[in-house]
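See structure below.
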Amino acid sequence: MRMIGLMSGTSLDGVDAVMADFDASGHPRPCGHLHSPYSAELATALRNINADSPLAHLLALDARLAGVYAAAVESLLHATGCTRRQVSAIALHGQTLWHAPLADPPVTCQAGDPSRLAEATGLPVVADFRQRDLAAGGVGAPLAPVFHAALLGGEQRRCVVNVGGVANLSVLAAGGRAEAGFDTGPGNALMDAGARRYLDSAFDRDGAWAASGQVDSAFLDRLLADPYFQRPPPKSLDVSTFDPHWLDAHAGQPAQPVDRQATLLALTAETIAAAVERWGGGPRDVVITGGGAANTALCRALDHRLGGERPLKTSDELGIPALQVEALGFAWLGRATLLGEPVDLTAITGARRPTVLGGIYPA
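In terms of UniProt numbering, the sequence shown has 284 at position 284, counting the first letter as 1, and numbering is strictly consecutive.
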């Protein structure tokens with residue numbers, strides 16, 4: 001079976017599209033990848049979504065994103081030389097606009113109108129993965145631990161950390177089973193906001209700017225006092241949970257922007273490391289994926305914080321490029337949905353039972 005996985009993360013940088021071939025056992029082999037950046041105008045529009053955004057605006061973005069995804073699919077087909085007949089379906093994560101697992105009722109919204117995408121591409125689309133988990137009593141995220149287990153699990157205990165706009169942890173038991181997983185806190189989002197504000201850049205390349213600053217320990221301690229970090233899993237968060245407004249609410253920030261950036265990098269490293277220590281169960285190693293894997297300063301800080309006792313490596317070292325893991329993972333979830341295979345998230349999101357995730361939108 002051949003699937004296309006589409007992933008747009010909370011960093012709001014664009015679309016990752018992966019072509020994946022699955023063998024008889026269900027193990028995927030990536031055979032094509034491309035990244036389609038969002039325009040600056042679209043990224044800003046998505047970043048400005050909040051609880052007061054007009055419904056018409058949200059629906060327009062939903063339809064517009066379907067066109068962006070369709071263009072990514074066309075580009076991937078062209079780049080790989082594949083025809084539509086060779087592809088079983090598209091697995092679409094969509095762009096998260098809102099995620100409120102503790103609301104009454106819990107809600108989540110991933111934009112990208114799968115009906116329009118199916119019409120535009122002529123391919124079936126599997127989507128709405130998070131919505132089904134919420135309906136089954138879960139918190140909707142992270143879904144990554146189950147596919148991290150399939151892609152990166154091994155004979156020894158391992159933790160996998162995905163660092164996008166938000167960071168999440170997957171705890172894999174020996175043998176590769178997903179034992180636990182949750183959102184640990186900020187990933188790149190706060191650091192990216194600082195780069196946009198002070199560097200007029202989408203991100204701080206290699207974390208070089210942050211590395212040139214000094215961590216403000218007192219400010220870091222105030223940030224770490226947020227109750228979310230002490231809450232036991234299952235738990236998930238929206239990128240707006242830890243946004244610049246949350247940051248600005250803390251008094252006594254560093255006088256120099258570069259020191260604030262250094263402190264934000266330390267916050268991401270500290271919350272990830274603390275989660276590994278508290279919930280990881282003594283892993284043999286820690287594997288980092290997502291955009292954060294390219295942040296040299298963050299990887300160095302995390303490795304230092306882990307004390308060298310748990311070697312830190314990127315998924316690239318295990319044969320799967322870090323920027324492809326999530327799109328590949330949703331291709332894996334989409335295949336499971338097509339085959340009617342339940343996914344067990346009971347120990348991760350708190351879902352009541354294993355569930356076939358998502359819905360299928362026919363071509």
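We treat Cβ as the ideally placed atom computed from N, Cα and C, and that holds for glycine.
DSSP on C299, reduced to helix/strand/coil? The sequence position of residue 299 within the sequence shown is 299, counting from 1. Residue state, collapsed to three classes: helix.
I need the straight-line Cα distance from Q95 to Q110, nearest angstrom please. Position 95 of the sequence shown holds residue 95. Position 110 of the sequence shown holds residue 110. CA-to-CA, the gap between Q95 and Q110 works out to about 5 Å.
So what does A111 bridge to, in DSSP terms? Walking along the sequence shown from the start, residue 111 turns up at place 111. Note: A111 sits in a beta bridge opposite Q95.
Nearest to A17 by alpha carbon, out of R130, A51, G26, E74? Mapped onto the sequence shown, residue 17 falls at position 17. Nearest of R130, A51, G26, E74 to A17, Cα basis: E74.
Given a threshold of 16 other Cβ atoms within 10 Å of its Cβ, counted over all protein chains shown, does D200 qualify as buried or as exposed? Position 200 of the sequence shown, counting from 1, holds the residue named residue 200. Label assigned to D200: exposed.
Can you check whether the CB of T349 is closer than 7 Å to the CB of R132? Mapped onto the sequence shown, residue 132 falls at position 132. Mapped onto the sequence shown, residue 349 falls at position 349. No, they are not a contact pair.
Quick check: what's the CA-CA separation for L76 versus F219? As a first step, residue 76 must be located in the sequence shown, where it is residue number 76. As a first step, residue 219 must be located in the sequence shown, where it is residue number 219. Straight through space, the alpha carbons of F219 and L76 are spaced by roughly 45 Å.
Assuming Y69 and V146 are in contact, meaning their beta carbons sit under 8 Å apart, how far apart are those beta carbons, in whole angstroms? Here residue 69 refers to the residue found at position 69 when the sequence shown is read from its first residue. Here residue 146 refers to the residue found at position 146 when the sequence shown is read from its first residue. At roughly 23 Å, the Cβ-Cβ gap does not stay under 8 Å, so Y69 and V146 are not in contact.
Give me the Cα-Cα distance between P183 and S236, rounded to the nearest whole angstrom. Counted from its first residue, the sequence shown places residue 183 at position 183. Counted from its first residue, the sequence shown places residue 236 at position 236. A quick correction: the sequence has Asp, not Pro, at residue 183. Cα-Cα distance, rounded: 5 Å.
The segment 170 to 177 touching the segment 141 to 158, judged by at least three CB pairs closer than 8 Å: Inter-segment contact for the segment 170 to 177 and the segment 141 to 158 is present: three or more beta-carbon pairs are separated by less than 8 Å.
Where E41 sits in the DSSP three-state scheme: Position 41 of the sequence shown, counted from the first residue, corresponds to residue 41. The DSSP-derived three-state label of E41 is helix.
Kindly indicate the opening and closing residues of the alpha helix (DSSP H) around P257. Residue mapping note: residue 257 aligns to position 257 of the sequence shown, counting from 1. In the DSSP assignment, P257 falls within the unbroken alpha helix (DSSP H) covering 257 to 279.
Out of D104, H27, A79, which one is the CA nearest neighbour of H148? On the sequence shown, residue 148 is found 148 positions in, with the first residue counted as 1. The shortest C-alpha to C-alpha distance from H148 to any of D104, H27, A79 is the one to H27.
For D52, which option in L97, S88, A20, A89 has the closest C-alpha, if you only look at C-alpha atoms? For the purposes of this step, residue 52 is taken as the residue at position 52 of the sequence shown. Of the candidates L97, S88, A20, A89, the one whose C-alpha sits nearest the C-alpha of D52 is L97.
Going by DSSP in three states, D133 sits in which element: helix, strand or coil? Here residue 133 is taken as the residue at index 133 of the sequence shown, counted from 1. In this structure, D133 counts as helix in the three-state DSSP scheme.
Check A331 in the structure and name its three-state DSSP category. Walking along the sequence shown from the start, residue 331 turns up at place 331. DSSP places A331 in helix when its eight states are reduced to three.
Work out the CA separation of D216 and R29 for me, nearest whole Å. The residue you call residue 29 lines up with position 29 of the sequence shown. The residue you call residue 216 lines up with position 216 of the sequence shown. Computed Cα separation, rounded: 44 Å.
Proximity of A297 and A211 at Cβ, strictly below 7 Å: Counted from its first residue, the sequence shown places residue 297 at position 297. Counted from its first residue, the sequence shown places residue 211 at position 211. Taking 7 Å as the Cβ cut-off, A297 and A211 qualify as a contacting pair.
Classify V139 as helix, strand or coil using the three-state DSSP reduction. Residue numbering aside, residue 139 sits at position 139 when the sequence shown is read from its first letter. For V139, the secondary structure class from DSSP, reduced to helix, strand or coil, is coil.
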